[in-house]
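Protein sequences appear in the order of chains U and D.
Using the working numbering, the first residue of the first sequence is number 2, and each one after it goes up by one.
Using the working numbering, the first residue of the second sequence is number 2, and each one after it goes up by one.
Glycine included, every Cβ here is placed at the ideal spot set by N, Cα and C.
Protein chains: 2
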Amino acid sequence: MATTTDKASTRDRLLDAAAELFYRDGVSLGVEALCRAAGVSKRSMYQLFASKDEVLAASLERRAPEYGRMLHLGPEDPRSPRERILYVFEQLERVSAEDDYRGCPYLSALVELKDPEHPASVVALRVKGALTEAFRADAERGGARDPELLARQLTLVFDGASARAGAKAETLTGLTTSTATALLDASGM
Amino acid sequence: MATTTDKASTRDRLLDAAAELFYRDGVSLGVEALCRAAGVSKRSMYQLFASKDEVLAASLERRAPEYGRMLHLGPEDPRSPRERILYVFEQLERVSAEDDYRGCPYLSALVELKDPEHPASVVALRVKGALTEAFRADAERGGARDPELLARQLTLVFDGASARAGAKAETLTGLTTSTATALLDASGM
Numbered sequence: 002m003a004t005t006t007d008k009a010s011t012r013d014r015l016l017d018a019a020a021e022l023f024y025r026d027g028v029s030l031g032v033e034a035l036c037r038a039a040g041v042s043k044r045s046m047y048q049l050f051a052s053k054d055e056v057l058a059a060s061l062e063r064r065a066p067e068y069g070r071m072l073h074l075g076p077e078d079p080r081s082p083r084e085r086i087l088y089v090f091e092q093l094e095r096v097s098a099e100d101d102y103r104g105c106p107y108l109s110a111l112v113e114l115k116d117p118e119h120p121a122s123v124v125a126l127r128v129k130g131a132l133t134e135a136f137r138a139d140a141e142r143g144g145a146r147d148p149e150l151l152a153r154q155l156t157l158v159f160d161g162a163s164a165r166a167g168a169k170a171e172t173l174t175g176l177t178t179s180t181a182t183a184l185l186d187a188s189g190m
Numbered sequence: 002m003a004t005t006t007d008k009a010s011t012r013d014r015l016l017d018a019a020a021e022l023f024y025r026d027g028v029s030l031g032v033e034a035l036c037r038a039a040g041v042s043k044r045s046m047y048q049l050f051a052s053k054d055e056v057l058a059a060s061l062e063r064r065a066p067e068y069g070r071m072l073h074l075g076p077e078d079p080r081s082p083r084e085r086i087l088y089v090f091e092q093l094e095r096v097s098a099e100d101d102y103r104g105c106p107y108l109s110a111l112v113e114l115k116d117p118e119h120p121a122s123v124v125a126l127r128v129k130g131a132l133t134e135a136f137r138a139d140a141e142r143g144g145a146r147d148p149e150l151l152a153r154q155l156t157l158v159f160d161g162a163s164a165r166a167g168a169k170a171e172t173l174t175g176l177t178t179s180t181a182t183a184l185l186d187a188s189g190m
């Protein structure tokens with residue numbers, strides 16, 4: 002039992018450090034620096050994961066539920082589909098104002114890895130796909146003329162906004178909600 | 002004279018290789034790989050540039066005029082401000098369909114470097130600022146209600162689209178032009 006617990010704690014420490022460091026410094030961060038920050042030996046890392054790529058993928062996977070809860074209202078919330086969509090952009094505007102904001106971690110990983118078949122890209126594409134799907138479902142319930150098109154348009158805005166805010170090229174306050182509102186209006190929703 | 006020409010050719014070779022490799026593989030590419038691809042010794046590189054960071058900045062700078070000509074109609078073109086803005090998105094849709102497309106090189110550099118004060122980020126922010134300014138000038142000439150807001154909205158769409166297409170998360174054909182059209186309409190332009 003002690004061994005199982007130790008392994009779980011080593012794994013958690015490694016994935017928490019990985020999520021933080023890859024987000025802050027980029028995916029090219031080396032194994033040495035990662036293990037040092039996690040307080041885990043390289044040997045322990047390679048007992049748990051086949052490669053750094055797998056650590057990166059697992060660290061993105063681990064944060065996905067929390068990321069989804071941050072962006073979306075729960076299914077029990079009584080607000081309208083339109084308000085649910087705008088809520089996502091209100092949340093984006095809120096978190097992007099934090100000092101250590103570096104953009105959407107899933108989009109950043111995709112941009113940095115430049116390889117859609119990398120194990121971490123596969124996770125990131127799934128998480129980004131879930132965002133588009135959440136937009137699509139709300140767009141459909143809200144009576145948008147073309148729910149799929151609207152969902153893809155909103156995802157462009159989300160990703161452009163997160164990348165630009167992360168790069169300190171833009172301040173999002175009021176900007177993404179006004180953009181999303183124009184697209185919602187144009188879709189007849 | 003021979004030395005001046007040699008230096009110019011070494012510089013050009015280095016910057017051409019840098020632009021290509023950093024775009025394809027990311028900004029964490031090492032000096033060894035860069036010099037090997039350019040057929041330039043490290044000594045020659047360091048005679049011309051203080052650091053790899055400066056090579057990256059100069060390679061982005063060197064490609065900026067060509068990038069601008071690819072995206073924008075010349076000032077002599079008779080098309081309307083609205084058509085000029087849509088032309089940018091038509092060009093984006095066209096280039097993003099190419100196999101080796103990896104997104105806007107200036108946005109990618111910003112996302113990867115995660116440091117707005119890096120010399121290459123300074124170049125990239127200037128180039129991205131020029132895009133927003135071109136949108137703003139056309140929006141103003143076209144009578145948009147709030148030219149600056151429209152320009153920032155269009156830049157979100159441009160950057161989200163380029164990042165998503167570069168990451169193979171999206172196919173842009175018809176998508177960015179329809180999104181830009183909705184925003185142009187909403188601005189009364």
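Open item on the list: Starting from LYS129/U, trace the alpha helix (DSSP H) in both directions and tell me its first and last residue.
Closed with: Taking the first residue of the first sequence as 1, we reach residue 129/U at position 128. Element bounds for LYS129/U: 120–142.
Open item on the list: I'd like the list of long-range same chain contacts for ASP54/U, defined as Cβ closer than 8 angstroms, with 5 residues on each side in sequence excluded.
Closed with: In the first sequence, counting from the first residue as 1, residue 54/U sits at position 53. These residues qualify, in order along the chain: HIS119, PRO120 and ALA121.
Open item on the list: Please classify ALA181/D as buried or exposed, where buried requires at least 16 other C-beta atoms within 10 Å of its C-beta.
Closed with: Along the second sequence, one-based indexing puts residue 181/D at 180. With 16 or more Cβ atoms within 10 Å of its Cβ, ALA181/D is classed as buried.
TODO: Can you pull the chain D residues whose beta carbon is under 8 angstroms from the beta carbon of ASP186/U, in chain order?
DONE: By one-based count along the first sequence, residue 186/U stands at place 185. The contacting residues are ALA187.
Open item on the list: Looking at the secondary structure, which residues open and close the alpha helix (DSSP H) in which ARG80/U lies?
Closed with: As a working mapping, residue 80/U is identified with position 79 in the first sequence. It is not in any alpha helix (DSSP H) - ARG80/U carries neither H nor E in the DSSP assignment.
Task: Secondary structure of TYR102/U, DSSP reduced to three states - done: Your numbering for residue 102/U matches position 101 in the first sequence. Of the three classes helix, strand and coil, the one that applies to TYR102/U here is coil, per DSSP.
Task: For PHE23/U and LEU30/U, believed in contact at Cβ under 8 angstroms, the rounded distance - done: For the purposes of this step, residue 30/U is taken as the residue at position 29 of the first sequence. For the purposes of this step, residue 23/U is taken as the residue at position 22 of the first sequence. Indeed they touch by this definition, with Cβ atoms about 6 angstroms apart.
Open item on the list: What does the Cβ neighbour count give for VAL128/D, buried or exposed, with the cut at 16 atoms within 10 Å?
Closed with: Here residue 128/D corresponds to residue number 127 of the second sequence, with the count starting at 1. It is buried - the Cβ of VAL128/D has at least 16 other Cβ atoms within 10 Å.
Open item on the list: Would THR178/D and ALA98/D be called neighbours here (beta carbons separated by less than 8 angstroms)?
Closed with: As a position in the second sequence, residue 178/D is number 177, starting the count at 1. As a position in the second sequence, residue 98/D is number 97, starting the count at 1. No.
Open item on the list: In whole angstroms, give me the CA-to-CA distance for LEU184/U and PHE136/U.
Closed with: Reading the first sequence from its first residue, position 183 is the one you call residue 184/U. Reading the first sequence from its first residue, position 135 is the one you call residue 136/U. Their Cα atoms are separated by approximately 12 angstroms.
Open item on the list: I'd like to know whether the C-beta atoms of VAL131/D and ASP160/U end up nearer to each other than 8 angstroms.
Closed with: Here residue 131/D refers to the residue found at position 130 when the second sequence is read from its first residue. Here residue 160/U refers to the residue found at position 159 when the first sequence is read from its first residue. Sequence inspection shows Ala at residue 131/D; the Val mentioned does not correspond to that position. The answer is no: Cβ separation not under 8 angstroms.
TODO: For HIS119/U, decide whether its Cβ has a neighbour in chain D, counting only Cβ atoms nearer than 8 angstroms.
DONE: Against the first sequence, residue 119/U aligns to sequence position 118. Output row for HIS119/U: interface = no.
- [ ] Please go through the same chain and pick out, in chain order, the residues whose beta-carbon is closer than 7 angstroms to the beta-carbon of SER83/D, but skip the five residues on each side of it.
- [x] By 1-based counting over the second sequence, the position of residue 83/D is 82. For the sequence presented, residue 83/D should be read as Arg rather than Ser. Only GLY143, LEU185 and MET190 meet the Cβ criterion.
Task: Distance between ASP101/U and LEU93/U (C-alpha atoms, nearest Å) - done: One-based indexing of the first sequence puts residue 93/U at position 92. One-based indexing of the first sequence puts residue 101/U at position 100. Roughly 14 angstroms separates the two Cα atoms.
- [ ] Using a Cβ-Cβ cut-off of less than 8 angstroms, give me the residues of the segment 166–180 of chain U that come near chain D, in sequence order.
- [x] GLY167, ALA168, LYS169, ALA170, GLU171, LEU176, THR177, SER179 and THR180
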